Every structure is written in structure tokens, then in C-alpha cells.
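Each remark here refers to the structure printed beneath this line.
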Amino acid sequence: MMSPKRIEVANRLLDEAGYPRKSDGYRFEITHDITPYGGEWKSFGEYTVQQLDKIGIKARLRVEDVATWLKRIYTNYDFTLSSNWLNTFADPVFGVHRLYHSNAIKPGTVFKNASRWSSPLTDKLMDMASVEPDQEERGALYQAFQKILVEEVPVTWIHEIQFPTVINAQYKDVITKCHWNCWKFPEGYKA
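The C-terminal position of the sequence shown is numbered 798 in the numbering used here, with every residue numbered one higher than the one before it.
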């Protein structure tokens, strides 16, 4: 939930950007294409509508089946606002580059740069970091990259999803890899 101070700042910034409130109290109207992965995402969409209303943005929810939503977001790029969760995996080359690198703008390829963010500078930083063997220098390149993302805001990060795993203590080596899509449960055994 936005604090009163954040609402005040957001309203001021929208006014300064040339979006004053009209007679109906709204600055403009947008459509929020919510993630069609279940009821909790619809609730999140409704919450987003409520928050945007506080700063004079009228948002309409569009709920579609998964295939239609994927085509709208990742093929047609026909959206104003969409919420989704994406995993950035264990290394930025695998998970972050696909979200922000210009070469990841590929209509019809899901979960890649839906914002169509394109920046020669961030592309260069990612390219350099992907081949940098020194971990400190690599980290510095990604820090410079992150600073640009925070300043330019091609995507707004609003939450982090945790995936807890519960395993019976009788079993060993159930999870031996760093990421859930690498798990091979047959490696596990009952002790």
C-alpha cells in the first residue's frame, strides 16, 4: 500500500509531467492485463487498480486465458500495464539478460523483454559482464547496470515471491541443485 507521502509525491510528479486531474478526478485511463495464473493474481490486479486510483489513474482489468495473454504481451506487445513474475535464475546471463537486453526483443518468444527496453549502454554492460572472469569486476558491471535500471525504470519491481520447500527429514539429497527447474528428484533417497 502506498503511504500518504508516496501518494503526495506521485501526484506531484504526475502533475509536473503534464497529467493534471480532469473534472472526473482522473488523469488518464489504462488497461491492466493481469497475469492469468489464478485467483491471487486477480486479487493483485484489483489491489493495483485501487492503488492507481489514489493517484488519479483509472485502471481497467483485462482477464484473459493464458494463451491470449501470452500473445498480447510477448507477441503483439499490445498492453499498457501487465503484472507478471519472472525468475532471474542463479546467474544474470540466464535470467536478467533475457528481460533487458535489446537482443531479447523477439516477438513471439515468451518471458523475454516484454517492455522492449533497449539501451546501448545497458546492452554493453551486460555483454561485458557476461564474459568478465573477475567476479568483483563482473559485480561492478552489474551494479552499474542495476543503477541505470533503477533510474530509467523500464520495469517496476514490486514484490518477491518465495517458494518454500518442505522435505521429510527421512529423505536425503532430494534437492541437490541451486534452482527448482534443475532438480532431479530421483537423486533423492530415503535414509
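Ideal Cβ placement from N, Cα and C applies to all residues, glycine included.
In this text the structure is predicted, and so the values were computed from the model without any measurement.
- No residue range can be given for Leu693, since it is assigned to no alpha helix (DSSP H) and is classified by DSSP as neither H nor E.
- Note on Tyr684: under 16 other CB atoms within 10 angstroms of its CB, so exposed under the neighbour-count rule.
- Using a Cβ distance threshold of 8 Å, His704 and Met733 count as a contacting pair.
- For the pair Trp724 and Tyr749, the CB atoms are not nearer than the 8 Å cut-off.
- Secondary structure at Thr729: helix, using DSSP grouped into helix, strand and coil.
- By DSSP's assignment, Tyr778 forms a beta bridge with Lys797.
- Cβ-Cβ distances below 8 Å link Lys719 to Tyr681, Arg705, Leu706, Ala711, Ile712 and Lys713 in the same chain, with the five nearest sequence neighbours on each side left out; the list follows chain order.
- By the 16-neighbour rule on beta-carbons within 10 angstroms, Ala697 is exposed.
- If you look at His639, you'll find it in the beta strand (DSSP E) that goes Phe635 to Asp640.
- It is roughly 21 Å from the alpha-carbon of Ala776 to the alpha-carbon of Gln769.
- Judged by their CB atoms, Ile641 and Lys649 are nearer to each other than the 8 Å cut-off.
- The three-state secondary structure of Ile662, taken from DSSP, is coil.
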